[in-house]
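Notes to accompany the following structure.
Chains as they are written, first to last, in my numbering: chain C, 810 to 942; chain U, 172 to 383.
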């Protein structure tokens with residue numbers, strides 16, 4: 810009985826903490842605009858739409874990786890997928906969840922687009938350094 | 172994580188978090204030595220694993236208390252926080268002992284498992300209360316918010332894991348993989364908080380909360 814209670818509470822708390830943690834990671838990028846280059850490369854609309862997430866991630870994988878970003882990208886991808894599961898399950902019962910998941914997934918897209926912008930700038934710097942050497 | 176904290180001058184403000192990380196490093200070395208000498212299935216390894224895990228959980232408990240002290244620092248309530256933490260820790264140990272008292276065979280090992288499950292759960296509830304306090308007091312320090320949230324994710328995953336193991340002992344072998352995986356999350360999240368987020372960074376906690 811005690812274990813069932815602990816399991817139920819843990820899952821509820823886990824969802825709350827995980828969502829809040831991912832949102833705290835995303836919050837850092839919200840004020841940062843998507844660079845002109847990224848908009849040109851991806852043809853992204855403003856504000857970023859969730860449908861563009863997969864394409865931006867694909868482009869992200871083409872750029873040289875910055876080690877410090879590896880963890881956060883994986884986490885945000887997991888969050889994006891989790892929101893997709895929410896939409897296909899919970900949102901059928903509670904329609905307001907649909908709007909919320911769409912907005913959250915849009916913010917995930919904005920986050921990866923900002924990271925893509927940083928990676929493009931990083932690659933440019935790397936290339937410029939190599940040329941000067 | 173300790174290296175990051177030293178580089179970012181965050182050793183003293185977050186001393187208990189650093190002590191916990193140092194202790195978990197020494198415990199990992201100890202576990203590896205015992206594993207080499209006695210093997211995975213030995214009693215020595217099992218005892219060392221569970222007892223060191225309990226000790227680490229108690230240390231993490233003090234790390235959580237230190238985060239409470241930081242959140243409540245302006246209210247000068249550190250004394251009450253410390254007293255409350257010690258009382259809760261003692262209470263959890265007594266409760267766990269009471270639960271396993273009837274099953275006297277394998278009392279010690281059963282006690283350790285029960286104590287761990289309860290400690291993780293109490294840690295989870297305390298982290299949740301701390302998160303509620305962060306929201307209520309409108310604490311805006313991004314680093315502190317991320318430390319609290321990552322601790323919440325860690326405690327809830329482990330509490331769920333031990334509860335599942337208690338409910339379905341047959342799944343124990345499968346669920347044993349989870350703690351080492353979850354164990355990687357906490358240092359990674361703390362490294363991120365110390366390395367990437369400056370102490371001056373601010374965030375409105377209500378913007379990241381699921382329930383307000």
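The C-beta atom is built at its ideal place from N, Cα and C for all residues, glycine as well. Since the structure is predicted, the reported quantities are computational estimates derived from the model, not experimental observations.
Under a three-way DSSP split, which group does residue i fall into?
{"i": "residue 864/C", "result": "helix"}
{"i": "residue 896/C", "result": "helix"}
{"i": "residue 840/C", "result": "coil"}
{"i": "residue 202/U", "result": "helix"}
{"i": "residue 875/C", "result": "coil"}
{"i": "residue 890/C", "result": "helix"}
{"i": "residue 309/U", "result": "coil"}
{"i": "residue 858/C", "result": "coil"}
{"i": "residue 180/U", "result": "coil"}
{"i": "residue 348/U", "result": "coil"}
{"i": "residue 337/U", "result": "helix"}
{"i": "residue 368/U", "result": "coil"}
{"i": "residue 940/C", "result": "helix"}
{"i": "residue 930/C", "result": "helix"}
{"i": "residue 923/C", "result": "helix"}
{"i": "residue 246/U", "result": "helix"}
{"i": "residue 811/C", "result": "helix"}
{"i": "residue 255/U", "result": "helix"}
{"i": "residue 324/U", "result": "helix"}
Kindly give me the distance between the Cβ atoms of residue i and residue j, rounded to whole angstroms, as I take these residues to be in contact under 8 angstroms.
{"i": "residue 330/U", "j": "residue 300/U", "result": "At roughly 15 angstroms, the Cβ-Cβ gap does not stay under 8 angstroms, so residue 330/U and residue 300/U are not in contact."}
{"i": "residue 826/C", "j": "residue 323/U", "result": "3 angstroms"}
{"i": "residue 320/U", "j": "residue 833/C", "result": "6 angstroms"}
{"i": "residue 920/C", "j": "residue 844/C", "result": "Not quite, the Cβ-Cβ distance comes to about 13 angstroms (not below 8 angstroms), so this is no contact."}
{"i": "residue 318/U", "j": "residue 238/U", "result": "6 angstroms"}
{"i": "residue 193/U", "j": "residue 173/U", "result": "6 angstroms"}
{"i": "residue 252/U", "j": "residue 236/U", "result": "6 angstroms"}
Looking only at C-alpha atoms, which of the options sits nearest to residue i?
{"i": "residue 181/U", "options": "314/U, 217/U, 292/U, 381/U", "result": "314/U"}
{"i": "residue 877/C", "options": "363/U, 377/U, 195/U", "result": "363/U"}
{"i": "residue 871/C", "options": "907/C, 810/C, 851/C", "result": "851/C"}
{"i": "residue 198/U", "options": "370/U, 351/U, 368/U", "result": "351/U"}
{"i": "residue 373/U", "options": "309/U, 321/U, 340/U, 345/U", "result": "309/U"}
{"i": "residue 840/C", "options": "891/C, 916/C, 901/C, 941/C", "result": "916/C"}
{"i": "residue 846/C", "options": "941/C, 942/C, 927/C, 935/C", "result": "927/C"}
{"i": "residue 257/U", "options": "186/U, 327/U, 230/U, 247/U", "result": "230/U"}
{"i": "residue 261/U", "options": "240/U, 242/U, 286/U", "result": "286/U"}
{"i": "residue 316/U", "options": "265/U, 378/U, 268/U", "result": "378/U"}
{"i": "residue 175/U", "options": "346/U, 365/U, 370/U, 292/U", "result": "365/U"}
{"i": "residue 933/C", "options": "902/C, 874/C, 901/C, 903/C", "result": "874/C"}
{"i": "residue 892/C", "options": "905/C, 868/C, 904/C, 909/C", "result": "909/C"}
{"i": "residue 856/C", "options": "930/C, 929/C, 913/C, 925/C", "result": "913/C"}
{"i": "residue 244/U", "options": "205/U, 194/U, 304/U, 212/U", "result": "304/U"}
{"i": "residue 359/U", "options": "905/C, 881/C, 828/C", "result": "881/C"}
{"i": "residue 290/U", "options": "228/U, 204/U, 367/U, 223/U", "result": "228/U"}
{"i": "residue 865/C", "options": "811/C, 895/C, 922/C", "result": "922/C"}
{"i": "residue 810/C", "options": "242/U, 347/U, 335/U", "result": "335/U"}
{"i": "residue 368/U", "options": "380/U, 311/U, 240/U", "result": "311/U"}
Opposite residue i in the DSSP bridges: which residues?
{"i": "residue 373/U", "result": "312/U"}
Practice task
Could I get the ranges of all uninterrupted beta strand (DSSP E) runs contained in the stretch 182-236 of chain U, with 3 residues as the minimum, in chain order?
Solution key: none
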